[in-house]
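J.: Count along the sequence shown from 1, then add 81; that gives the number in the working numbering. Beta carbons are placed, not taken as given, at the ideal position from N, Cα and C, and that holds for glycine. All of these numbers come straight from a predicted model, not from anything done at the bench.
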Amino acid sequence: MPIPEDVTGDEIDKDVRQELQSLPKTLAEDVAKNLVMVARLIDEDPEGAYGYSKVALRLASRVAAVREAAGFAAYANQKYSEALAEFRAARRMSGGVELWPVMADCERGLGRPEKALDMAGAPEVNKLDKAGQVEMRLVAAGARRDLGQLDAAIVTLQSPELAAGSVQPWTARLRYAYADALLAAGREGEAREWFAKALEADRDGSTDASDRLAEMDGVDFVDALDEDEVEVETGSGETVVEQATEAEEAEDSVEGQAGRDEAGHVVVDRDED
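1) Counting C-beta neighbours from all protein chains within 10 Å, is the total for G108 16 or more, i.e. buried, or is it exposed?
2) Quickly, what does DSSP pair V206 with across the bridge? List them, please.
3) With a 10 Å radius around its C-beta and 16 neighbouring C-beta atoms as the bar for buried, classify L198 as buried or exposed.
4) List the whole-angstrom C-beta distance separating I93 from A113, where the pair is believed to meet the contact cut-off of C-beta under 8 Å.
5) Taking the runs of the alpha helix (DSSP H) that are 4 residues or longer, which of them lie wholly in the stretch 100–174?
6) For K95, which residues of its own chain have a beta-carbon under 8 Å away from its beta-carbon, when the five flanking residues on both sides are left out?
7) If we ignore side chains and look at the alpha-carbon of each, how far apart do G213 and V300 end up?
8) Pull up the distance between the alpha-carbon of C187 and that of N158, whole angstroms please.
9) Are the CB atoms of E167 and A145 nearer to each other than 8 Å?
10) Out of D124, V97, M184, which has the shortest C-alpha to C-alpha gap to R143?
11) Check R300 in the structure and name its three-state DSSP category.
12) Please report how far the alpha carbon of E125 lies from the alpha carbon of M118, in whole angstroms.
13) Could you tell me which uninterrupted alpha helix (DSSP H) segments, each at least 4 residues in length, are contained entirely in the stretch 202–268, listed from first to last along the chain?
14) Based on Cα-Cα distance, which residue from D87, A265, K135, R268 lies nearest to A155?
15) Using only the alpha-carbon positions, how far apart do D227 and P194 sit?
16) Please list, in chain order, all residues of the same chain as A164 whose beta carbon is under 6 Å from its beta carbon, the five residues on each side excluded.
17) Taking the continuous alpha helix (DSSP H) assigned at V183, which residues delimit it?
18) If we ignore side chains and look at the alpha-carbon of each, how far apart do R218 and V248 end up?
19) Considering only the alpha carbon of each residue, which of S103, L180, A272, A120 lies closest to D210?
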């Protein structure tokens, strides 16, 4: 697969670069470039990332970092059986436990939530750092929901990390999962509160908490109106869409798109206080 000219391979993490030192120099450079492409594409183009991971795997299947990258690429494409196999191989090679939560989530993806819960109670969890333990808690809560155990999922997410006032990299996702579980259990008031807290902590847009809040508040974001529709503000302050008269259509053709935002979207607020 083609490698863009701006990719040198030096962009990879120093620990991965050290692992690649066991390979001949030219081969190590080729593998590094493919790993860079996996990292670059995995969010926006998972299939592309998967393709580059296969190249890296063909070149250096005995390098733990390569097996790990292949696992994440397969995971991003919902190829959970393949991902689990790669993660297990990487773990055998490295001896670490960092992949334990994502391995458990692969078990969920394969329809085995009970296995994920078994892993959540395994000794390996105690060896995880704080971020890994929070991730394991999220996976366990998801497994509870897979089994229809909503109350247990809510309890699983209740933790010092959830109640902490400081914002950590995992805070937004943890609060979001808690809000979503509360909503699924019919506890809408509490759910709205925690979606708001998730939004406060979501500095990099890792969740759609703002959309969930808008949905709960009755605010819809719709595409630009059709040519034969116009906005009408009622006495109660609501905005509704009605059919335009021929005169209004003519006026609209003259005045253009006035009243819409730059993206051409219209906000309809159904529950304005």
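T.: On the basis of the coordinates in this document:
1) In the sequence under discussion, the amino acid at residue 108 is Leu, which differs from the Gly named in the question. Classification of L108: exposed, given that the 10 Å Cβ count is below 16.
2) Note: V206 sits in no beta bridge, so no partner.
3) buried
4) 5 Å
5) 106–122, 127–140, 145–157
6) Correct list: empty, nothing qualifies.
7) 36 Å
8) 12 Å
9) no
10) V97
11) According to the sequence as given, residue 300 is Val; it is not Arg. Reduced to three states, the DSSP call for V300 is strand.
12) 12 Å
13) Segments of the alpha helix (DSSP H) lying fully in the stretch 202–268: 211–227, 231–238, 241–244, 252–265.
14) K135
15) 7 Å
16) G152, A155, Y156, C187
17) Where V183 is concerned, the enclosing alpha helix (DSSP H) starts and stops at 181–190.
18) 17 Å
19) L180
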